[in-house]
Every structure is written in C-alpha cells, then in structure tokens.
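>
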Amino acid sequence: MATLPNDPGDVQDRAELELISTLTTSEDTNTASIGSELEALEAIYPGALLLSPSPPSSAHRLRYEIALPAWEDGGASADDDGAAPRIRVLVTLPDGYPDTAPRLQIMGRYVGAYAIDPGLFGDITRTFISSSGVGFTPGVPAVFDGLVHVQSLVEPWYRDRAAAAAVAEAAHDHASRRHTPELAIDRLDLDATSKSTSTSSSNSKKLPRTDTDKTGTDKDKDKDKPARPLPHITSSSPITDRKSQFVGHACRVADEEDVLVVVSHLLQDRRIARAAHPTIWAYRTVREVGGPAGRVVESDYDDDGETQAGSRLQHLLQVLDLTGVLVVVTRWFGGIHLGPDRFKHINQAARDALEAGGFLEEVVKKGRRK
C-alpha cells in the first residue's frame, strides 16, 4: 500500500509541540518560562500559534504569530456571519524575557473590511511602553495581558468604523425609500422587538448556593460539618475610570468550598453587594487523585453578568501557572459605558490583587527554580 504524504498542517503541529517541549524542559529558567507560557496560550487559543521550527538561543529572539478573534463573545457588532474578524499579532520576545517586556505588532492590512490605520498600528506597538498600555512586572509572563489589551484597542476601533458604515448605508437606504416611509417604520419596530428579546435572555449568572437554596436534608448535613475558616483576603487599590471603579481580591483556596466561603463573605459587604458586578471570579486548585494521573488541576470561573470577564481571569491564572488561588474582581458602574477598557481594568485589578498578596513573587521564584 502506498504511503500517503504527511499533511503539512500535521507536520507544523508536531514541530510546534516539539519546540514547546524543548523550551519547557530547558535548564535556562527564562526559556522554560517561555515554554510554559506557550503551552498556556495554546490551551487558551487552540491552533492559533504559528511558531518557528527552531528554538531560540541566547543570541536570538523568539518570534511567533498568534491568530485570535478581534474580541471575545459579547463584544462589538460582529460581521454578517456572526463571527468576530480574526487578527494576527506578531509577538517578539527579546533576550531575557520575561525579565524584559515583549513587543507586539498587528499583522496584515485589514481587520474585517476595514484597513488598519497608523493610529491603531502605533497603539498596539506601544502596548508595553505607553502609560495607557499594559503594566509590566519583570519576571512575570505578560503576553496574554498584551493580547487582551490588543483586543481592547481593536474592538472600539472596529465598532466606530462599522457604525460609520451603517450610518452611510442607512442614509442611502433612506434616500432610496423616501416615498415609502412605512417600510422603514416596520423595520425599526422589528429591530426593537429583536433587541428586547435578545436582551431578556442574556442575563444569567452563576451564584453560590445559599441556605435558602438548600433542602432540609442538606441543612442537616451542613450542621455536622465544621465551619470553613475564612482564608486571608488581600484587596487591591481601586482603579477608577470615568466614575467606574474596579477592585481586585485574591486569596489562597484549597477547593470550591473555599471559593464559596470567600464569595459569600465578600457579598456580606454592603458596598460590594451593591456593585454592578460584585464578584467576577476565577480559581485554580490542584487535587491529589493517586494512580497514574497523580494530580489534576481543577478550575472554574463566574462572569457575574460581565460576559467573558471571568474566563479572562481564568486564563490569567493559567498563563501565570498559579494554583491554589482565587481571584475576584468587583466593578462599580459609574454611569458611563467604558467599552473594552473594562476588560483591561478587570485584568489589571486582578493582577494588582495577586501582586499585593505576594502571588506574583511566587511566579518569579517558580521561574527561577525551573
């Protein structure tokens, strides 16, 4: 039987896996940190990485491309097919990364139907060197935060151009239908009904079970359990933008029961409970299972009504390779919509809480031990 030639995509995938494995097992701590970060990025954006087939040396930089949606679900108006356009970002890791900041550059000429202009290109290039960009902590992997920032730049840029195009199209349609205004009224009524229906079905959120949710049998069982001690919680300084405030909280947790204890405790604070999004959270823990598996990582999150916010916190913990940690962000709405900037602030508040709690120091020490 004739042997079929290897699929180029399969060959590329195998080469990338081998490169990541080589990086991860390197005795050089910075190189090993790069490998661990690439593993996490591959898990967050499956199939999105395009790596060079050869590993870097001390005299060379590592460059790779990553393709990702211009925004996550729940963001700006999507293309006609309902999907966000894809963007390609070139990531350059200088010598010494993660002790020195990476550099990002958007690739190609268009995002969807709109040409990339110098303003957007420059803002992305300045991600780690601008006061309005991403803060960088030497020794802590930062590419994921940079990619989130890129999405926060692309979304309003794209939305503004889509809105301008829609206005121009509406003006053209109005001119062509000026003798039949009832058609436009019918369309507006239909759009309003559609928006009302979609809004009413998009506000679900996951909350911890309270005593009022439990059956009598559950309560009897709880009486036999010792009360869970409250972990020490570290909170960040508030981030304020256009009257909205963001505060992060971080603590040690052993399992989901600890998570519920902490979330319930935070909700007892009246000011937190009155926030628009009181408890956006994510956690990662390790559980010993024995046998060949040994240990398994357990992770979950809650968006608390802010679509994709909790999952981004989960990705942050994954990129930092933190376990036994819960991070919570509280957002108070100031009456002015922030657009994608809210995600940047949520991530930054989480990082600030992790730094205040000493968790980022663990990331740096872990990198040095590899």
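The sequence shown maps to residues 1 to 370 in full-length UniProt numbering. Just so it is clear, CB atoms sit at the ideal spot from N, CA and C, and this is done for glycine as well.
Does the distance from the C-beta atom of Phe121 to that of Phe128 stay below 8 Å?
In the sequence shown, residue 121 corresponds to position 121, counting from 1. In the sequence shown, residue 128 corresponds to position 128, counting from 1. No, the pair does not count as a contact, with Cβ atoms beyond the cut-off.
> How about the region 323 to 334 and the region 144 to 163: do they share at least three Cβ pairs that are nearer than 8 Å?
no
> Residues in the same chain with beta-carbon distance under 7 Å from Asp341, minus the five sequence neighbours each way, listed in chain order, please.
Within the sequence shown, the letter at position 341 stands for residue 341. Once the five neighbours on either side are set aside, the close Cβ partners of Asp341 are Ser152, Asp241.
> For the region 84 to 171, which segments carrying the alpha helix (DSSP H) assignment without a break, of at least 4 residues, lie completely within its bounds, in sequence order?
Secondary structure in the region 84 to 171: the alpha helix (DSSP H) runs of 4 residues or longer, each lying completely within the stretch, are 118 to 125 in chain order.
> Note down the Cα distance separating Gly335 from Lys243, rounded to an integer number of angstroms.
Along the sequence shown, one-based indexing puts residue 335 at 335. Along the sequence shown, one-based indexing puts residue 243 at 243. Rounded to the nearest angstrom, the two C-alpha atoms are 7 Å apart.
> Please classify Asp304 as buried or exposed, where buried requires at least 16 neighbouring CB atoms within 10 angstroms.
Indexing the sequence shown from 1 puts residue 304 at position 304. Asp304 is buried by the Cβ-count criterion.
> Contact check, residue 371 vs Val253 under 8 Å by CB: the rounded distance?
It is not possible to answer for residue 371, since the shown part of the chain is limited to 1 through 370.
> Ser233 by DSSP, collapsed to three states: which one?
In the sequence shown, residue 233 corresponds to position 233, counting from 1. The amino acid occupying residue 233 in the given sequence is Ile; Ser does not appear at that position. Reduced to three states, the DSSP call for Ile233 is coil.
> Report buried or exposed for residue 380, applying the criterion of at least 16 other Cβ atoms within 10 angstroms of its Cβ.
The first residue shown for the chain is 1 and the last is 370, placing residue 380 beyond what the model contains.
> Grab me the residues of Asp191's own chain with a C-beta within less than 6 Å of its C-beta, minus the 5 sequence neighbours each way, in chain order.
As a first step, residue 191 is located in the sequence shown; it is residue number 191 there, counting from the start. Any reading at Asp191 must be qualified, since the residue scores a pLDDT of 44, below 50, and its modelled position is unreliable; the value itself is stated next. Around Asp191: no qualifying Cβ.
> Helix, strand or coil for Gln245 per DSSP?
One-based indexing of the sequence shown puts residue 245 at position 245. Judged by DSSP in its simplified three-state form, Gln245 adopts strand.
> Would you report the Cα separation of Asp95 and Ile346, rounded to the nearest angstrom?
Locating residue 95 in the sequence shown gives position 95, counting from the first residue. Locating residue 346 in the sequence shown gives position 346, counting from the first residue. Near 30 Å, if we compare the C-alpha coordinates of Ile346 and Asp95.
> How many angstroms separate the CA atom of Arg295 from the CA atom of Arg284?
For this step, residue 295 is matched to residue 295 along the sequence shown. For this step, residue 284 is matched to residue 284 along the sequence shown. Note on geometry: alpha-carbon atoms of Arg295 and Arg284 lie some 13 Å from one another.
> Is the beta carbon of Tyr158 sitting closer than 8 Å to the one on Ala70?
Here the question's residue 158 lines up with position 158 in the sequence shown. Here the question's residue 70 lines up with position 70 in the sequence shown. It is a contact, given that the beta carbons lie within the stated cut-off.
> Can you tell me whether Val297 is buried or exposed, with buried defined as 16 or more other CB within 10 angstroms of its CB?
Here the question's residue 297 lines up with position 297 in the sequence shown. Val297 should be labelled exposed.
> In this structure, how does DSSP classify Thr199 when only helix, strand and coil are distinguished?
Along the sequence shown, one-based indexing puts residue 199 at 199. Only weak support exists for where Thr199 lies, its pLDDT of 37 falling under 50; the coordinates are left without a value.
> If you check the beta carbons only, do Val247 and Ser236 fall under 8 Å apart?
Taking the first residue of the sequence shown as position 1, residue 247 is located at position 247. Taking the first residue of the sequence shown as position 1, residue 236 is located at position 236. Taking 8 Å as the cut-off, the Cβ atoms of Val247 and Ser236 count as close.
> Please classify Leu322: does DSSP put it in a helix, a strand, or coil?
One-based indexing of the sequence shown puts residue 322 at position 322. The answer is coil: DSSP assigns Leu322 none of H, G, I, E or B.
> Name the DSSP beta bridge partners of Trp332, please?
As a working note, residue 332 is residue 332 in the sequence shown. DSSP lists Gln245 as partners of Trp332.
> Which residues in the same chain have their Cβ closer than 7 Å to the Cβ of Trp332, if we skip the five residues on either side of it in sequence?
Counted from its first residue, the sequence shown places residue 332 at position 332. Hits under 7 Å: Ser244, Gln245, Ala275, Ala276.
> How many Å lie between Gly35 and Leu49 at the Cα?
Within the sequence shown, residue 35 is the residue found at index 35, counting from 1. Within the sequence shown, residue 49 is the residue found at index 49, counting from 1. Those two C-alpha atoms are separated by around 13 Å.
> Take Pro156 and list the residues in its own chain whose beta-carbon comes closer than 7 Å to its own, dropping the five residues that flank it on each side.
Here residue 156 refers to the residue found at position 156 when the sequence shown is read from its first residue. Excluding residues within five positions, the ones whose Cβ falls inside 7 Å are Gly339, Pro340.
> So what does Ile239 bridge to, in DSSP terms?
Looking up residue 239 in the sequence shown gives position 239. Ile239 is bridged to Phe246.
> What residue from Leu266, Ala353, Asp302, Asp117 has the CA that sits closest to residue 379's CA?
Residue 379 lies beyond the range of the chain shown here (1 to 370); nothing can be said about it.
> Express the C-alpha separation of Ala166 and Ser286 in angstroms, rounding to a whole number.
Here residue 286 is taken as the residue at index 286 of the sequence shown, counted from 1. Here residue 166 is taken as the residue at index 166 of the sequence shown, counted from 1. One point to set straight first is that residue 286 is Val, not Ser, in the sequence displayed. Cα to Cα, the separation comes out at about 49 Å.
> Which residue's Cα is closest to the Cα of Asp28: Tyr97, Ala170, Val134, Leu320?
Taking the first residue of the sequence shown as 1, we reach residue 28 at position 28. Taking Asp28 as reference, the option from Tyr97, Ala170, Val134, Leu320 with the minimal CA-CA separation is Tyr97.
> Could you tell me whether the Cβ atoms of Pro102 and Gly133 are closer together than 8 Å?
In the sequence shown, counting from the first residue as 1, residue 102 sits at position 102. In the sequence shown, counting from the first residue as 1, residue 133 sits at position 133. Result no, Cβ atoms of Pro102 and Gly133 do not sit closer than 8 Å.
> Please report the distance separating the alpha-carbon of Asn203 from that of Asp258.
As a working mapping, residue 203 is identified with position 203 in the sequence shown. As a working mapping, residue 258 is identified with position 258 in the sequence shown. For Asn203, the pLDDT reaches just 40, beneath the cut-off of 50, and the residue's location in the model is therefore unreliable, leaving the point undetermined.
> What does a CB cutoff of less than 8 Å around Ile272 pick up in its chain, not counting 5 residues either side in sequence?
Position 272 of the sequence shown, counting from 1, holds the residue named residue 272. Around Ile272: Leu266, Pro278, Thr279, Thr330.
> When you compare only the Cα positions, how much space is there between Ala113 and Ala250?
Position 113 of the sequence shown holds residue 113. Position 250 of the sequence shown holds residue 250. Distance between the alpha carbons of Ala113 and Ala250 is about 41 Å.
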